[in-house]
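Trainee: Following our numbering, the numbering of the sequence shown begins with 360 at its first residue and continues without gaps.
Glycine residues also receive a C-beta, built at the ideal position from the N, C-alpha and C atoms.
Since the model is a prediction, treat every value here as computed from it, not as a measurement.
The structure's right below; bear with me while I get my questions together.
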Amino acid sequence: MEILTPEEQEKQIEAPLAVDGGKPICSPPLPYSRQTVLEVDIDAVTAVLRSPWLTTGPKVVEFESAFAKLVNASHAVSVNSGTAALHAAVFAAGVGPGDEVIVPAITFAASANAVIYQGGTPVFCDVEPDTLLLSTDQVVRLITPKTKAILAVDYAGQPCDYSELKRIGEKHNLALISDACHSLGSTYRNQSTGSIADLTAFSFHPVKHITTGEGGMVSTSSPIFEKRMKTFRNHGLDSDPKEREEKGTWYYEMRDLGFNYRMPDIQAALGLSQLQHLLDWVKIRQTLATHYNQLLREEAWIQPLALKKDRTHSYHLYVVRIDFSKLGTNRAEFFKALRAEGVGVNVHYIPVYRHPYYQKHLQDKIVDCPNAELCYEQILSLPIFPAMRLSDVEKVVRALKKLHHFFARRGAAQGNTPRRFSNENQ
Ligand SMILES: *Cc1c(COP(=O)(O)O)cnc(C)c1O
Numbered sequence: 360m361e362i363l364t365p366e367e368q369e370k371q372i373e374a375p376l377a378v379d380g381g382k383p384i385c386s387p388p389l390p391y392s393r394q395t396v397l398e399v400d401i402d403a404v405t406a407v408l409r410s411p412w413l414t415t416g417p418k419v420v421e422f423e424s425a426f427a428k429l430v431n432a433s434h435a436v437s438v439n440s441g442t443a444a445l446h447a448a449v450f451a452a453g454v455g456p457g458d459e460v461i462v463p464a465i466t467f468a469a470s471a472n473a474v475i476y477q478g479g480t481p482v483f484c485d486v487e488p489d490t491l492l493l494s495t496d497q498v499v500r501l502i503t504p505k506t507k508a509i510l511a512v513d514y515a516g517q518p519c520d521y522s523e524l525k526r527i528g529e530k531h532n533l534a535l536i537s538d539a540c541h542s543l544g545s546t547y548r549n550q551s552t553g554s555i556a557d558l559t560a561f562s563f564h565p566v567k568h569i570t571t572g573e574g575g576m577v578s579t580s581s582p583i584f585e586k587r588m589k590t591f592r593n594h595g596l597d598s599d600p601k602e603r604e605e606k607g608t609w610y611y612e613m614r615d616l617g618f619n620y621r622m623p624d625i626q627a628a629l630g631l632s633q634l635q636h637l638l639d640w641v642k643i644r645q646t647l648a649t650h651y652n653q654l655l656r657e658e659a660w661i662q663p664l665a666l667k668k669d670r671t672h673s674y675h676l677y678v679v680r681i682d683f684s685k686l687g688t689n690r691a692e693f694f695k696a697l698r699a700e701g702v703g704v705n706v707h708y709i710p711v712y713r714h715p716y717y718q719k720h721l722q723d724k725i726v727d728c729p730n731a732e733l734c735y736e737q738i739l740s741l742p743i744f745p746a747m748r749l750s751d752v753e754k755v756v757r758a759l760k761k762l763h764h765f766f767a768r769r770g771a772a773q774g775n776t777p778r779r780f781s782n783e784n785q
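What follows is the structure in structure tokens.
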């Protein structure tokens, strides 16, 4: 590994930008996220491939019970994506046509889409500017007689204010659904994410904490919700092929309109094996984030999102806010220049209501989310994943300093231009 002296580091910061033909700081480039798959994980999958049962079977049962234990929930129901997990949770909560569900304005579109799948209406709620978590004051303002549930998103990996959300939910008789696709492995007041809300949805997409390729899970303490979701993921049938085989029967009934959202055993084996690494990987993510926090403390122009004292953060994302206009640039230019330096930055997310589908869906309904609007212009997600090293964090910060140096110098040069002209006229 190349080690640079402070002088060499300073030189890198002052060198021409990679976007203008200079040498990139991160070479090879760092992605914003990348899965880790170990040999033991691969062995677990190939063992299933050699077994007689490939689709939903014994490995799914094992994965679900290990997962439930880990998040301290009585039940966990696996499905084949985080989106399916959200859909199953919204179904289990009984959301149907005419029902409203409060969702944060800044999240992945799937959080809101799940409500629409069930014929409900997502009502977009503003977020807190320092955390991008659901603003509980705004939640209260948006409750109507049609509100059926609150769907809270643990943005970036930090849990929402669940005791406040629970209090609001109980007062108004609302279901509390947690989209914890970012927050597996985090805690709120010493309670594991997955053991707090009525229903909690997780994703095992490769960028998330653990992966099954594609996959998801819903945890709950309710046996009724568990049963409803197990039926829902299997076309709404009251038994599955494995059960029928064991009972020696062919008969089943379709009770609800369900889907094929089943996770196969091949993927459950991967998930079960990955789950053994989760706590180590979350620790690595926290260490990387702490290193970012420490290095960025000296850069007043970059604001990492705030960390609440009563929670632990599992850092699916490491998000910062930058006022690009103060630097004399805009996010598009900054983003492009940072990517050219080999830093795989991203933006999470465009406010959901801004998507053309939602513009059409909302028609002339007014969405008032000033914090979401402001933050959207300022957010960047920096690379964070378990295989990353502390030296990679240092490179990312050096690339940020390089851009800051460039834009400050360019701003000063532009600011000086008129004065120089007037001097020449004298
Ligand atoms: C990843 C993600 C989802 C969807 O998960 P998939 O497994 O990709 O379907 C939903 N909500 C949030 C907040 C996510 O980050």
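With K418 as the anchor, note down where its alpha helix (DSSP H) starts and where it stops.
Mentor: Working through the sequence shown from its first residue, we reach residue 418 at position 59. 417-430 is the extent of the alpha helix (DSSP H) around K418.
Trainee: CB G544 to CB L664, shorter than 8 Å?
Mentor: Taking the sequence shown and counting its residues from 1, the one referred to as residue 544 is at position 185. Taking the sequence shown and counting its residues from 1, the one referred to as residue 664 is at position 305. Taking 8 Å as the Cβ cut-off, G544 and L664 do not qualify as a contacting pair.
Trainee: Who are the near neighbours of D624 in its chain, counting only those whose CB is closer than 8 Å to its CB and skipping five residues on each side?
Mentor: Translated into positions along the sequence shown, residue 624 becomes position 265. So the list reads V407, S410, W412, L413, T414, T415, G416, P417, K418, V419, once near-sequence residues are dropped.
Trainee: Go through its chain and collect everything with a Cβ distance to Q633's Cβ below 7 Å, but skip five positions before and after it.
Mentor: Within the sequence shown, numbered from 1, the residue matching residue 633 stands at position 274. Excluding residues within five positions, the ones whose Cβ falls inside 7 Å are D400, I569, T570.
Trainee: DSSP three-state call for T364: helix, strand or coil?
Mentor: If you number the sequence shown from 1, residue 364 lands on position 5. Three-state DSSP puts T364 in coil, outside helix and strand.
Trainee: Under 7 Å Cβ to Cβ from F744, same chain only, skipping five residues before and after it: list those, please.
Mentor: As a first step, residue 744 must be located in the sequence shown, where it is residue number 385. Cβ neighbours of F744 beyond the five flanking positions: S392, R393.
Trainee: Closest to E423 by CA distance: which of R621, Q718, A731 is it?
Mentor: For this step, residue 423 is matched to residue 64 along the sequence shown. Cα-wise, what sits closest to E423 is R621.
Trainee: Looking at the unbroken beta strand (DSSP E) that takes in F561, where does it start and where does it end?
Mentor: Locating residue 561 in the sequence shown gives position 202, counting from the first residue. It spans 558-562 - the beta strand (DSSP E) in which F561 sits, taken as one unbroken run.
Trainee: W609: buried (16+ other C-beta within 10 angstroms of its C-beta) or exposed?
Mentor: Looking up residue 609 in the sequence shown gives position 250. Exposed, since its Cβ has fewer than 16 Cβ neighbours within 10 Å.
Trainee: Which first and last residues belong to the beta strand (DSSP E) in which F483 is found?
Mentor: The sequence position of residue 483 within the sequence shown is 124, counting from 1. Segment 480-484, the beta strand (DSSP E) holding F483.
Trainee: For the beta strand (DSSP E) containing L741, list its first residue and its last residue.
Mentor: Translated into the one-based positions of the sequence shown, residue 741 becomes position 382. For L741, the uninterrupted beta strand (DSSP E) run begins and ends at 738-741, by DSSP.
Trainee: Classify V378 as helix, strand or coil using the three-state DSSP reduction.
Mentor: As a first step, residue 378 must be located in the sequence shown, where it is residue number 19. If DSSP states are grouped into helix, strand and coil, V378 belongs with the helices.
Trainee: Would you grab the beta carbon distance between A534 and D557 for me? Rounded to a whole angstrom, and I think it's under 8 Å.
Mentor: What you label residue 534 is simply residue 175 of the sequence shown in a count that begins at 1. What you label residue 557 is simply residue 198 of the sequence shown in a count that begins at 1. Rounded, the Cβ-Cβ distance is 5 Å, consistent with contact.
Trainee: Could you pull the start and end residues of the beta strand (DSSP E) that P663 belongs to?
Mentor: Along the sequence shown, read from residue 1 onward, the residue named residue 663 stands at position 304. Element bounds for P663: 661-663.
Trainee: Unbroken alpha helix (DSSP H) runs of length 4 or more, entirely within the stretch 695-750: which are they?
Mentor: 715-721, 729-737
Trainee: State the start and end residues of the unbroken beta strand (DSSP E) segment that holds M588.
Mentor: Along the sequence shown, one-based indexing puts residue 588 at 229. M588 -> not in any beta strand (DSSP E); alpha helix (DSSP H) instead, spanning 582-591.
Trainee: Under 6 Å Cβ to Cβ from F780, same chain only, skipping five residues before and after it: list those, please.
Mentor: Reading the sequence shown from its first residue, position 421 is the one you call residue 780. In this prediction, F780 scores a pLDDT of 37, lower than 50, which makes its location untrustworthy; the coordinate-derived value is nonetheless stated afterwards. Cβ neighbours of F780 beyond the five flanking positions: none.
Trainee: Judging by CA-CA distance, which residue of V482, V449, R748 is the nearest neighbour of P463?
Mentor: On the sequence shown, residue 463 is found 104 positions in, with the first residue counted as 1. P463 has its Cα closest to that of V482, out of V482, V449, R748.
Trainee: With distance defined between alpha-carbon atoms, name the residue in V430, A628, Q477 nearest to S542.
Mentor: Residue 542 sits at position 183 when you count from the first residue of the sequence shown. With distances taken between Cα atoms, S542 lies closest to V430.
Trainee: In three-state DSSP terms, what is V498?
Mentor: For the purposes of this step, residue 498 is taken as residue 139 along the sequence shown, with counting starting at 1. Correct three-state label for V498: helix.
Trainee: Relative to the C-alpha of Q737, which residue among S750, I709, Y716 is closest?
Mentor: The residue given as residue 737 occupies position 378 in the sequence shown. If we check each option's Cα against that of Q737, I709 comes out closest.
Trainee: Per DSSP, which residues does Q550 bridge with? Please list them.
Mentor: For the purposes of this step, residue 550 is taken as residue 191 along the sequence shown, with counting starting at 1. DSSP output for Q550 lists Y547 as bridge partner(s).
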